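Asker: First to last, the protein sequences are chains A and B.
Heads up, the first sequence is in the working numbering, so the first residue is 14 and it goes up one at a time.
Heads up, the second sequence is in the working numbering, so the first residue is 14 and it goes up one at a time.
So that we are looking at the same thing, I have put the structure below in structure tokens.
There are 2 protein chains.
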Amino acid sequence: MRVLVVEDDPELQVAVPAALRSAALAVDLAGDIASADEALFVNAYDCVVFDRMLPDGDSIRYVRSRRRDGWAVPVLFLTAMDQLADRVDGFEHGGDDYLVKPFAVEELIVRVLSLSRRGPTIRPPILRYADVELDTGRREVRRAGVLVTLRAKEFSVLEFLMSRPEQTVSRTDLIEHCWDSAADPMSNVVDVTITRLRARLRGGPDLIQAVRGRGYRLIAP
Amino acid sequence: MRVLVVEDDPELQVAVPAALRSAALAVDLAGDIASADEALFVNAYDCVVFDRMLPDGDSIRYVRSRRRDGWAVPVLFLTAMDQLADRVDGFEHGGDDYLVKPFAVEELIVRVLSLSRRGPTIRPPILRYADVELDTGRREVRRAGVLVTLRAKEFSVLEFLMSRPEQTVSRTDLIEHCWDSAADPMSNVVDVTITRLRARLRGGPDLIQAVRGRGYRLIAP
DNA sequence: GTGACGATGACATTTCGATGACACAGCGAT
DNA sequence: ATCGCTGTGTCATCGAAATGTCATCGTCAC
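This is how it looks when you write it as structure tokens:
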């Protein structure tokens, strides 16, 4: 396992790599975002430990922009207490973790090991159709930016439909993908769930069209 | 700076004091808890390095009982990897630290120096959410300024939730972080602990929200 | 118009979280 | 060693929320 530590505080530059090495990890060190970027270009790491604030910028911004290009290596942010407020930013992208300074070295090791083991998780994508956004990671749905709370089944059905926009999906497809094998294919659960889903998505035109004899599809009128 | 090393392994009895002396520290050595207790009674130390397991008992128990009497000298525990599971116990008192065997000697020095410098009166970070304050060092929680006494497990769970405010945390996450490996992931310990935590935090709106099928999260209504 | 299919409200069932009561282990005091 | 207390875990039960079933009504295509 190979880890990159990006840290500018001299004390932590010593302590963090030492701790990680004691857990049998190979550790490289960078002092700012520029050199981290270079190291990440050259080597493959299983995990990156980023200090939140670095001399040449905010590491979260850097990570966010790299994530946009599909970069998926897990990141652990070291953050000061007073930066906690904007912690949300750090978690827009799944697979990351953070630790508040000062931290127990014990905890650092545990987290880094866990992140490294986990491997590059493909960031759960956000599906979009018309004015609906579905965040598969957070299990959140927004319509026109407004948060809509869905039941588990409703979410699951909407997710399936949104992953095949404008395609007609049969009730059988839905039963097979969103229900377990115990589900009765003869019942009208799907219809009922669609009705409930529509009810929740009131706040715009009905995007779920019934295709007679075939199933349902997402379509913006 | 004067340090007491409590260690029974003959090899470490030599190596650890040698390392610390090389960092200009005055080092005394004890081979078991009984003689450590005596030494601590006679002398004033800036830091104590305790092996986790000693011939006459578990050093954590000893430290814990002394902490109850207000003893505040910072302690560094040397612990084997397989004792990691019960790391939670070790954190019942802030200001202490852990080092996992085998460790790098430089790391030991850095940590002991840091603990000694810090002195017995450190103020570790305080987590805040809504009107709840959690002092990780003093293991104290206040709601709207009023002191609330929590059990160790309750505290540990609240601390975990407060370190991830508004994020949904699964029961598995909680089990993994707040319980040792003996915990049964099938039981409802987490639910029970949450209930007890809620009961203690009465005195304001319920901040702990159950997210059906996913876990719990802290959220101000 | 009519027959098949979809929509939907009302109700039933299932699942899951909350909680009180109890059991047990560890620890301090005697 | 024994006893009692305190903290934590287990279990059974309760109740609410989520999901499924059913009956009825509407509507679309022929």
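For glycine and all other residues, C-beta sits at the position ideal for the given N, C-alpha and C.
Here the structure is a predicted model, which is why all the values come from computation and not from measurement.
For A31 (chain A), name the three-state secondary structure that DSSP assigns.
Answerer: Taking the first sequence and counting its residues from 1, one reaches residue 31 (chain A) at position 18. DSSP places A31 (chain A) in helix when its eight states are reduced to three.
Asker: Can you grab the Cα-Cα spacing for the pair A157 (chain B) / A143 (chain B), in whole Å?
Answerer: Looking up residue 157 (chain B) in the second sequence gives position 144. Looking up residue 143 (chain B) in the second sequence gives position 130. Taking the straight line from one Cα to the other gives about 9 Å.
Asker: In this structure, does DSSP put F168 (chain B) in helix, strand or coil?
Answerer: Here the question's residue 168 (chain B) lines up with position 155 in the second sequence. The answer is helix: DSSP assigns F168 (chain B) an H, G or I state.
Asker: Per DSSP, which residues does Y111 (chain B) bridge with? Please list them.
Answerer: As a first step, residue 111 (chain B) is located in the second sequence; it is residue number 98 there, counting from the start. Looking at the DSSP assignment, Y111 (chain B) forms a beta bridge with B:F90.
Asker: Counting only beta-carbon separations shorter than 8 Å, does E119 (chain B) have a partner in chain A?
Answerer: As a position in the second sequence, residue 119 (chain B) is number 106, starting the count at 1. Taking Cβ atoms only, chain A reaches closer than 8 Å to E119 (chain B), which makes this a yes.
Asker: Would V16 (chain B) be called buried (16 or more neighbouring beta carbons within 10 Å of its own) or exposed?
Answerer: Within the second sequence, residue 16 (chain B) is the residue found at index 3, counting from 1. V16 (chain B) should be labelled buried.
Asker: Starting from the Cα of L89 (chain B), find the closest Cα among B:A117, B:V159, B:V18 and give me that residue.
Answerer: The residue you call residue 89 (chain B) lines up with position 76 of the second sequence. Nearest option by C-alpha distance: B:V18.
Asker: Under DSSP, the beta strand (DSSP E) around R65 (chain B) begins and ends at which residues?
Answerer: As a first step, residue 65 (chain B) is located in the second sequence; it is residue number 52 there, counting from the start. Here R65 (chain B) belongs to no beta strand (DSSP E), and DSSP marks it neither H nor E.
Asker: Helix, strand or coil for A39 (chain A) per DSSP?
Answerer: As a working mapping, residue 39 (chain A) is identified with position 26 in the first sequence. Three-state DSSP puts A39 (chain A) in a strand.
Asker: Could you check where the alpha helix (DSSP H) with E20 (chain A) kicks off and where it finishes?
Answerer: Here residue 20 (chain A) is taken as the residue at index 7 of the first sequence, counted from 1. Per DSSP, E20 (chain A) belongs to no alpha helix (DSSP H) and is neither H nor E.
Asker: So, with DSSP's three-state summary, where would you put R100 (chain B)?
Answerer: Counted from its first residue, the second sequence places residue 100 (chain B) at position 87. Summary for R100 (chain B): the model assigns pLDDT 46, below 50, so the residue's position carries little reliability; its value from the coordinates is reported in the next sentence. In the structure shown, R100 (chain B) sits in a helix (DSSP, three-state: H, G or I).
Asker: Please compile the residues from chain A whose C-beta is within a distance smaller than 7 Å of the C-beta of S176 (chain B).
Answerer: The residue labelled residue 176 (chain B) in the question sits at position 163 within the second sequence. Going along chain A in sequence order, the residues near S176 (chain B) (Cβ under 7 Å) are V113.
Asker: Beta-carbon of A98 (chain A) versus every beta-carbon of chain B: anything under 8 Å?
Answerer: Residue 98 (chain A) sits at position 85 when you count from the first residue of the first sequence. Legend: pLDDT at A98 (chain A) = 44, less than 50; position of this residue unreliable, value from coordinates given subsequently. No, because no Cβ of chain B sits closer than 8 Å to the Cβ of A98 (chain A).
Asker: Check the DSSP bridge columns for Y229 (chain A) and list the partner residues they point to.
Answerer: Residue mapping note: residue 229 (chain A) aligns to position 216 of the first sequence, counting from 1. Answer by DSSP bridge pairing, in chain order: A:V182, A:A223.
Asker: Quick one: which chain B residues come within Cβ less than 8 Å of I122 (chain A)?
Answerer: Taking the first sequence and counting its residues from 1, the one referred to as residue 122 (chain A) is at position 109. Going along chain B in sequence order, the residues near I122 (chain A) (Cβ under 8 Å) are V113.
Asker: Can you give me the start and stop residues for the beta strand (DSSP E) that R155 (chain A) sits inside?
Answerer: Here residue 155 (chain A) is taken as the residue at index 142 of the first sequence, counted from 1. From DSSP, the beta strand (DSSP E) with R155 (chain A) extends over 153–156.
Asker: Could you check whether Y58 (chain B) and E235 (chain A) sit closer than 8 Å to each other, using their CB atoms as the reference points?
Answerer: Not covered by the structure: residue 235 (chain A). The range shown for chain A is 14 to 234.
Asker: Can the beta-carbon of R79 (chain B) be found less than 8 Å from the beta-carbon of S72 (chain B)?
Answerer: As a first step, residue 79 (chain B) is located in the second sequence; it is residue number 66 there, counting from the start. As a first step, residue 72 (chain B) is located in the second sequence; it is residue number 59 there, counting from the start. It is not a contact, given that the beta carbons lie outside the stated cut-off.
Asker: Does DSSP classify L163 (chain B) as helix, strand or coil?
Answerer: On the second sequence, position 150 is the one that residue 163 (chain B) refers to. Coil.
Asker: With a threshold of 7 Å on Cβ separation, who are the neighbours of V40 (chain A) within its own chain once the five nearest residues in sequence on each side are excluded?
Answerer: Position 27 of the first sequence, counted from the start, is the residue given in the question as residue 40 (chain A). So the list reads V16, V18, P30, L33, R34, once near-sequence residues are dropped.
Asker: For G226 (chain B), go through chain A and note every residue whose CB falls closer than 9 Å to its CB, in chain order.
Answerer: Here residue 226 (chain B) refers to the residue found at position 213 of the second sequence. Chain A residues near G226 (chain B): A165.
Asker: Against chain A, does D148 (chain B) count as a neighbour if the rule is that its beta carbon must be under 8 Å from one of theirs?
Answerer: Taking the second sequence and counting its residues from 1, the one referred to as residue 148 (chain B) is at position 135. Chain A, which has no Cβ nearer than 8 Å to the Cβ of D148 (chain B), makes this no.
Asker: Since F233 (chain A) and L220 (chain A) should fall inside the 8 Å C-beta cutoff, what is the C-beta to C-beta distance between them, to a whole number of angstroms?
Answerer: Taking the first sequence and counting its residues from 1, the one referred to as residue 233 (chain A) is at position 220. Taking the first sequence and counting its residues from 1, the one referred to as residue 220 (chain A) is at position 207. According to the sequence displayed, residue 233 (chain A) carries Ala and not Phe. With a Cβ gap of about 6 Å, A233 (chain A) and L220 (chain A) count as contacting.
Asker: According to DSSP, is R209 (chain A) helix, strand or coil?
Answerer: For this step, residue 209 (chain A) is matched to residue 196 along the first sequence. In the structure shown, R209 (chain A) sits in a helix (DSSP, three-state: H, G or I).
Asker: Answer yes or no: do K166 (chain B) and T206 (chain B) have a C-beta to C-beta separation smaller than 8 Å?
Answerer: Within the second sequence, residue 166 (chain B) is the residue found at index 153, counting from 1. Within the second sequence, residue 206 (chain B) is the residue found at index 193, counting from 1. Closer than 8 Å, so yes.
Asker: With distance defined between alpha-carbon atoms, name the residue in B:R74, B:A85, B:K114 nearest to A93 (chain B).
Answerer: Numbered from 1 along the second sequence, position 80 holds the residue referred to as residue 93 (chain B). Selected option, being the one with the closest Cα: B:K114.
Asker: Out of curiosity, what's the CA-to-CA distance linking V27 (chain A) and S129 (chain B)?
Answerer: Counting from 1 along the first sequence, the entry for residue 27 (chain A) is found at position 14. Counting from 1 along the second sequence, the entry for residue 129 (chain B) is found at position 116. Going by the C-alpha atoms only, they are around 18 Å apart.
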